Ligand SMILES: [Zn+2]
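Residue numbers (my numbering): 11 to 860.
Right under this line is the structure:
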């Protein structure tokens with residue numbers, strides 16, 4: 011187990027490693043219970059580092075033998091690694107260790123999944139493979155030899171010699187150990203080729219378990235599109251002769267960008283129309299792009315230390331968002347990203363787990379793979395691009411790649427590139443990296459003699475460890491509309507830098523209606539007392555697709571909050587305005603599908619809390635149900651018309667057009683089911699020839715309580731497909747009524763196919779319950795208790811997934827006395843578990859500390 015007394019690591023303590031690693035030769039003699047790893051590493055003193063003790067990280071390793079320059083040495087070992095006396099000059103370190111991949115359930119380091127060997131080394135998994143300076147600023151060239159009976163043996167870089175029982179690989183690009191990968195097993199490949207812009211012929215493969223080879227074509231197309239896009243948009247070319255992707259069933263994350271050998275959670279790469287939903291296809295396309303883009307932003311230029319994680323993740327998430335916007339619909343992608351920010355990042359930024367995009371301390375780095383580092387990190391880059399403009403952004407990126415190729419860089423390096431390329435001073439902008447919390451921006455208006463003035467005030471509430479905040483640079487995209495609906499001032503970027511700041515617009519003939527924070531131009535909460543009429547006006551006339559959608563969302567939030575807190579009836583003016591949008595066939599179906607959506611119940615709870623109410627999950631659920639029923643009845647004429655528009659006659663394709671239509675169809679079916687009791691859903695379920703339609707129908711049947719037969723039929727049809735069965739497990743809870751969901755989850759944990767050691771299956775059931783707002787917050791605390799039981803159980807096996815899922819308790823202080831006490835008790839029960847992992851311990855402590 012991990013160290014019982016966790017230590018905090020600080021950014022300010024950074025010291026370079028005392029040696030450079032000139033090359034690494036690794037030999038793996040694979041055996042499930044006793045794999046031998048032989049390392050030959052040339053070290054030379056690092057002239058830029060202060061003098062220090064020679065320390066190599068190492069965890070759960072049995073040291074067999076160590077030698078320096080051929081002479082046996084006896085290092086001093088601890089739970090974290092070893093120290094050893096070494097010569098003053100360069101030397102050769104040789105070391106043999108034994109590890110047991112079959113016993114590695116944490117899925118970090120070298121482990122086994124369905125008889126196949128695979129690795130996950132980010133962030134600190136390599137130290138479970140051999141003794142090494144396991145830190146991202148130590149980069150080296152790796153040569154790897156794998157010995158074993160497995161027919162396929164892969165590692166990073168280009169293939170070398172192969173023969174009976176062995177394969178060799180050489181990666182010419184220096185890399186940190188977290189990008190090391192090894193895969194060995196009985197695998198089959200889906201091959202293809204790609205010729206780069208300078209004529210390099212690259213062999214591409216997606217490796218899967220036999221039987222899955224029919225599910226690789228889409229992922230392969232996505233890979234080729236990504237390679238082409240990165241050349242066209244960023245001028246980045248692939249740099250090896252081969253690129254391999256491997257699908258693994260047991261994986262904590264979505265995927266991992268190891269140099270030349272990306273390892274994917276099989277749910278993020280395998281796809282077929284019969285077994286994958288449109289959402290799966292879109293996610294696969296985005297994740298393949300994301301991992302591929304890391305080859306330049308992450309691998310060629312890596313992070314100096316883990317505090318700089320956002321350097322590679324923020325930028326790569328931003329790049330994959332650009333890619334998706336280019337491949338599909340830019341407004342739809344922007345709205346989805348804003349939903350993600352509000353749904354996941356804002357709660358994090360406003361609670362006990364709040365931390366800056368670049369944290370300044372941590373106990374367990376695995377706990378910082380967060381929405382703040384990834385999604386807010388990407389938003390920060392989006393703001394930078396808005397501020398400097400597209401041309402200067404491109405210039406800065408070229409300079410970044412030129413100047414830092416081969417480096418382990420920092421946020422300071424990143425910002426310096428922008429300063430040098432544009433002449434801008436980014437000192438204040440840098441606060442986005444150091445200040446946690448979501449800025450709140452309020453605005454007042456003034457109108458006199460043709461001059462319209464907007465005055466903005468920004469405040470960022472305190473977050474743990476940061477009581478006082480300084481003003482940030484907020485790019486505020488604004489447009490102005492005339493009362494007749496015409497746009498009189500097109501989108502203009504205002505740069506707010508002060509705590510309070512005014513902007514004037516002259517020469518207007520009438521008092522305009524402002525459209526603020528267009529395109530979600532900054533990750534802030536806009537606090538503006540707009541009237542319902544004004545929002546309805548923007549819903550009808552705004553030229554900015556994001557704000558048009560947002561106007562409807564805001565009206566939806568006001569409507570639901572009035573229903574919850576005052577017992578009001580639904581706002582028919584909003585619904586009529588929305589109906590006009592939904593009837594507008596000039597609008598993309600995907601966009602209209604998003605317009606049809608209502609704010610999530612978790613978001614309503616957050617807004618209620620912000621406004622000083624104690625959110626009541628049952629009341630929120632009831633209001634959402636009442637509104638849905640009301641909409642279904644009010645739109646009884648509209649629904650069949652939309653259903654007809656959403657019908658796809660052509661054979662299934664996951665392209666943007668068809669996906670949009672099916673999304674619209676799903677919104678319609680959910681309402682239709684409230685009118686016909688599930689007749690249309692049953693018909694769709696019976697005739698569906700693709701997973702999107704089948705699962706949408708099943709969801710509606712579960713919600714209608716007419717699911718027994720359909721669930722049995724679905725299970726019968728798909729029991730041998732683990733990824734589809736994850737959906738079956740998850741849906742029964744996600745779509746269940748709140749009063750039965752926890753019992754369903756409990757029953758499903760006793761199902762023969764509930765393999766709790768598999769992160770995907772565990773998340774489907776327990777994560778499904780945690781994501782169901784009303785069910786998770788059932789007043790008797792049954793869900794809290796069930797989740798705590800399972801997290802306590804999982805912690806011994808898989809600390810990473812346990813810690814991540816424990817974060818669902820982060821909003822506990824928001825709720826009423828009773829729920830607070832129950833959640834606190836659940837957290838305390840987890841905290842009291844003997845031998846609690848460092849990962850979970852840190853998360854629970856932070857959540858209890860408020
Ligand atoms: Zn990434």
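Built from N, CA and C at the ideal position, the CB exists for glycine as well. A quick note: this is a predicted structure, and the numbers were derived from the prediction, not measured.
When the distance is taken between beta carbons, is residue j closer than 7 Å to residue i?
i	j	result
residue 170	residue 160	no
residue 275	residue 261	yes
residue 206	residue 247	yes
residue 371	residue 18	yes
residue 602	residue 703	no
residue 191	residue 129	yes
residue 361	residue 821	yes
residue 257	residue 218	yes
residue 149	residue 100	no
residue 339	residue 600	yes
residue 349	residue 386	no
residue 688	residue 711	yes
residue 328	residue 239	no
residue 228	residue 289	no
residue 685	residue 642	yes
residue 501	residue 528	yes
residue 204	residue 237	yes
Can you tell me the Cα-Cα spacing of residue i and residue j, whole angstroms?
i	j	result
residue 535	residue 167	45 Å
residue 196	residue 189	23 Å
residue 213	residue 114	32 Å
residue 510	residue 483	12 Å
residue 132	residue 449	31 Å
residue 750	residue 757	11 Å
residue 659	residue 670	14 Å
residue 12	residue 89	With a pLDDT of only 39 at residue 12, under 50, the local geometry of the prediction cannot be trusted, and the value read off the model is given with reservation. Distance between the alpha carbons of residue 12 and residue 89: 8 Å.
residue 853	residue 384	18 Å
residue 242	residue 790	56 Å
residue 538	residue 841	41 Å
residue 735	residue 678	25 Å
residue 251	residue 424	29 Å
residue 397	residue 485	7 Å
residue 849	residue 809	6 Å
residue 857	residue 819	8 Å
residue 57	residue 126	42 Å
What residues in its chain sit with their C-beta under 6 Å from that of residue i, if we drop five residues either side in the sequence?
i	result
residue 553	497
residue 121	111 and 114
residue 153	35 and 180
residue 713	745
residue 14	Residue placement at residue 14 is poorly supported in this model, since its pLDDT is 46, which falls under 50; the coordinates still yield a value, given next. Result list for residue 14: empty, nothing under 6 Å.
residue 6	Outside the modelled stretch of the chain, which goes from 11 to 860, sits residue 6, for which no answer is possible.
residue 235	none
residue 215	199, 201 and 254
residue 301	265, 267 and 272
Which residues in the same chain as residue i place their Cβ atom closer than 8 Å to its Cβ, once the five residues preceding and following it in sequence are excluded?
i	result
residue 91	65, 66, 67, 68, 69, 137 and 141
residue 223	198, 199 and 200
residue 867	With the chain covering only 11 through 860, there is no way to say anything about residue 867.
Might you give, ordered along the chain, the residues of its own chain that have their beta carbon closer than 7 Å to the beta carbon of residue i, omitting 5 neighbours on each side?
i	result
residue 83	76, 77 and 94
residue 325	307 and 391
Closer than 6 Å: is that where the CB of residue i sits relative to any heavy atom of ligand 2?
i	result
residue 326	Ligand 2 is absent from the structure shown, which contains only ligand 1.
Under 7 Å, Cβ to Cβ, is there at least one residue of chain B near residue i?
i	result
residue 677	Of the protein chains in this structure there is only one, and it is not chain B.
Between the stretch 425 to 432 and the stretch 457 to 469, do three or more beta carbon pairs fall short of 8 Å?
no
For the 8 Å Cβ check, are there 3 or more pairs between the stretch 779 to 796 and the stretch 760 to 771?
no
Is the stretch 303 to 323 touching the stretch 361 to 377 in the sense that three or more CB pairs, one from each, lie closer than 8 Å?
yes
With three or more C-beta pairs closer than 8 Å as the rule, is the stretch 33 to 47 touching the stretch 104 to 115?
yes
Under 8 Å, with one C-beta from each stretch per pair, do the stretch 737 to 748 and the stretch 766 to 775 reach the 3-pair mark?
yes
With a threshold of 8 Å, are at least 3 pairs of Cβ atoms found where one atom belongs to the stretch 539 to 550 and the other to the stretch 579 to 590?
yes
Does the pairing of the stretch 412 to 420 with the stretch 290 to 304 give three or more beta-carbon distances under 8 Å?
no
Count the CB pairs spanning the stretch 570 to 584 and the stretch 520 to 527 that are closer than 8 Å, and state whether there are at least three.
no
Pair every Cβ in the stretch 808 to 818 with every Cβ in the stretch 647 to 663, then say whether three or more of these pairs are closer than 8 Å.
no
Between the stretch 825 to 836 and the stretch 606 to 626, can you find at least three pairs of beta-carbon atoms closer than 8 Å?
yes
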